[in-house]
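Report on the following structure.
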Amino acid sequence: MTSGQKADAGSGSGRSEIRPPDSGQPNSGPLELVSLDTRHRIWDRFFMVAPLVVIGTKEPDGTFDLAPKHMVTALSWDNYFGFVCTPSHGTYQNIRREKVFTVSFPRADQVVLTSLSAAPRCDSNAKPALAALPTFAASRIDGVCLQDGSLFFECRLHLIIDGFGPNSLIAGEIIAARAIPAALRGDDIDDQDVVRSSPLLAYLAPGRFCEIRESSSFPFPQGFTREPQG
14 MTSGQKADAG SGSGRSEIRP PDSGQPNSGP LELVSLDTRH RIWDRFFMVA
64 PLVVIGTKEP DGTFDLAPKH MVTALSWDNY FGFVCTPSHG TYQNIRREKV
114 FTVSFPRADQ VVLTSLSAAP RCDSNAKPAL AALPTFAASR IDGVCLQDGS
164 LFFECRLHLI IDGFGPNSLI AGEIIAARAI PAALRGDDID DQDVVRSSPL
214 LAYLAPGRFC EIRESSSFPF PQGFTREPQG
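When we follow the numbering used here, the leftmost residue of the sequence shown carries the number 14, and every step to the right adds one.
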């Protein structure tokens, strides 16, 4: 630790004071950080922004299950999509057996319907609440999507990676994708107008949600490109 840095963990308070190296310029004071105990799960201690989707799978009896997920992401610049699940859930078992699944992105005004897809199973292992959810058939796989969403994927199982504690990463290749016209970007429309005309539903884990209607262009540095260099 240099002479310009100071750290004081206190007497078990979990709070630390961190001072930057002395640059000869006055500063606004110490930046106080709170240490989180990683012996326990940290995710309930703060909020994170995530998409909220509904995963569709086929049950052993031929009916279809829908389940909300927020630990989701694109897995490549190519058409791969992934989400976190657990082997004890029907979604995981259905995908491992059927090798396909659908992804529906609900609109911001569909929070109640999305919540219904999280209803628990009854004694017969069925989800009666799913009867209230309007769906439509997938185009390339044996599956259904949530009606009135804004974006829909049909995925073929690519890989399942177990071992993230009790959870697993399920990766799929997107073999069909559809969207409502209002959600699509185009050369003749400003990106902000797209966001305003088709607001995005975001999940603020844990346990909150919001509607995104406003956005700003990200200030990438001049010459920035996502393509590999050299």
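Each residue gets a CB set at the ideal place from its N, CA and C atoms; glycine is no exception.
When the five nearest sequence neighbours on each side are left out, the beta carbons in the same chain lying within less than 6 Å of the beta carbon of ASN180 are those of VAL97, THR99, in order along the chain. The beta carbon of VAL62 sits closer than 7 Å to the beta carbons of ALA215, LEU217 from its chain, once the five residues preceding and following it are set aside; these are given in chain order.
For ASP204, the uninterrupted alpha helix (DSSP H) run begins and ends at 204 to 210, by DSSP.
DSSP places ARG221 in the strand class (E or B) of the three-state scheme. One thing to note: LEU159 has its Cβ no nearer than 7 Å to the Cβ of SER211.
Nearest in C-alpha terms to LEU213, of all of VAL124, GLU224, ASP203, is GLU224. In the same chain as VAL124, and ignoring 5 residues on each side of it, the C-beta atoms closer than 8 Å to its own belong to LEU214, PHE222, in chain order. Per the DSSP secondary-structure output, PHE114 pairs in a beta bridge with CYS168. Looking at the DSSP output, ARG191 shares a beta bridge with PHE165.
Apart from sequence neighbours up to five positions away, no residue of its chain approaches THR238 with a beta-carbon distance below 7 Å. Close CB contacts of GLU72 within its chain, under the 8 Å cut and outside five residues either way in sequence, are with ASP78, GLY103, ASN107 (chain order). When the five nearest sequence neighbours on each side are left out, the beta carbons in the same chain lying within less than 7 Å of the beta carbon of ARG109 are those of ILE173, in order along the chain. Assignment of ASP78 by DSSP, reduced to helix, strand and coil, places it in the strand class. Of the residues ASP161, LEU126, ASP206, the one whose Cα lies closest to the Cα of ALA80 is LEU126. The beta carbons of ASN92 and ILE187 sit about 4 Å from each other, so the pair counts as a contact at 8 Å. Annotated three-state conformation of THR70 is strand, per DSSP. Here ASP57 carries a helix assignment [DSSP, helix/strand/coil]. With a cutoff of 7 Å on beta-carbon distance, SER128 and VAL67 are scored as not near each other. The alpha-carbon separation between ALA195 and VAL207 amounts to approximately 6 Å. If you check the CB distance, GLU167 and ALA189 come in under 7 Å. Judged by DSSP secondary structure, LEU46 falls within the beta strand (DSSP E) whose first and last residues are 44 to 47.
With distances taken between CA atoms, THR115 lies nearest to LEU164 out of LEU164, LEU88, LYS140.
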